[in-house]
């Protein structure tokens with residue numbers, strides 16, 4: 194989990210740097226992309242929630258993780274406004290899959306005793322990552338550049354998605370053996 198969040202968050206400053214410095218967009222355009230992405234989150238969160246209710250959190254988590262792994266790479270393969278705009282919609286539309294899926298999976302699997310404590314620890318680790326990962330992303334940027342950092346982020350996100358898929362396959366096999 195930490196691998197995904199860290200690789201997700203280390204790229205946050207890179208989107209700004211890439212779009213402003215390398216593509217030549219202005220800050221208002223970057224702001225528009227962010228608003229559109231958050232709009233997609235808002236519009237598609239209920240759909241992901243219903244999917245999780247019907248099918249459980251694992252599929253949504255894996256689908257969301259794999260889709261979010263593509264976003265940094267999709268962003269840097271072009272300088273075309275519309276392709277990048279669509280990648281932001283894609284990003285916002287798939288993020289609730291892993292965010293809601295992970296949280297629901299956590300709620301389903303934590304022991305009732307000390308559940309609030311475990312959720313608090315999870316949030317603490319995520320907040321530390323929120324602070325440290327972008328700093329590491331910027332440090333990596335100074336070594337391999339914006340595009341390299343974005344590809345690194347996509348690669349690590351993909352690795353995390355594959356690890357989650359492996360975990361869920363193992364859990365399903367264990368559940369089938371018990372049944």
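Residue numbers (the working numbering): 194 to 372. Where is the CB? At the ideal position from N, CA and C, for every residue including glycine.
**OP:** Please determine, among 370, 358, 211 and 366, the residue with the shortest C-alpha to C-alpha distance to residue 269.
**Re:** 211
**OP:** Could you tell me which of 369, 334 and 348 sits nearest to residue 214, measuring between CA atoms?
**Re:** 334
Original post:
Can residue 281 and residue 229 be called in contact, C-beta distance under 8 Å?
Top reply: yes
Original post:
Taking the alpha helix (DSSP H) that residue 194 falls in, what are its first and last residues?
Top reply: Premise fails: residue 194 is in no alpha helix (DSSP H) and is neither H nor E.
Original post:
What's the gap between the Cα of residue 309 and the Cα of residue 217?
Top reply: 46 Å
**OP:** Within the same chain, show all residues whose beta-carbon is closer than 8 Å to that of residue 254, passing over the 5 residues directly before and after it, in chain order.
**Re:** 290, 291, 294, 295, 298, 357 and 361
**OP:** Figure out for me which residue from 311, 365 and 348 has the closest Cα to the Cα of residue 265.
**Re:** 348
Subject >> Status (buried if at least 16 other CB within 10 Å, exposed otherwise) for residue 330 >> reply: buried
Subject >> Cβ neighbours of residue 231 in the same chain (closer than 7 Å, five flanking residues each side left out) >> reply: 285
Original post:
Which word fits residue 313, buried or exposed, when buried means at least 16 other C-beta atoms lie within 10 angstroms of its C-beta?
Top reply: exposed
**OP:** May I ask you to report which of helix, strand or coil DSSP gives residue 272?
**Re:** coil
**OP:** Label residue 202 either buried or exposed according to how many other C-beta atoms from any shown protein chain fall within 10 Å of its C-beta, with 16 as the threshold for buried.
**Re:** buried
Subject >> Span separating the alpha-carbon of residue 209 from that of residue 288 >> reply: 19 Å
Original post:
Between which two residues does the alpha helix (DSSP H) harbouring residue 365 extend?
Top reply: 308-371
Subject >> Sequence-distant residues of the same chain with beta carbon closer than 7 Å to residue 242, five excluded per side >> reply: 293
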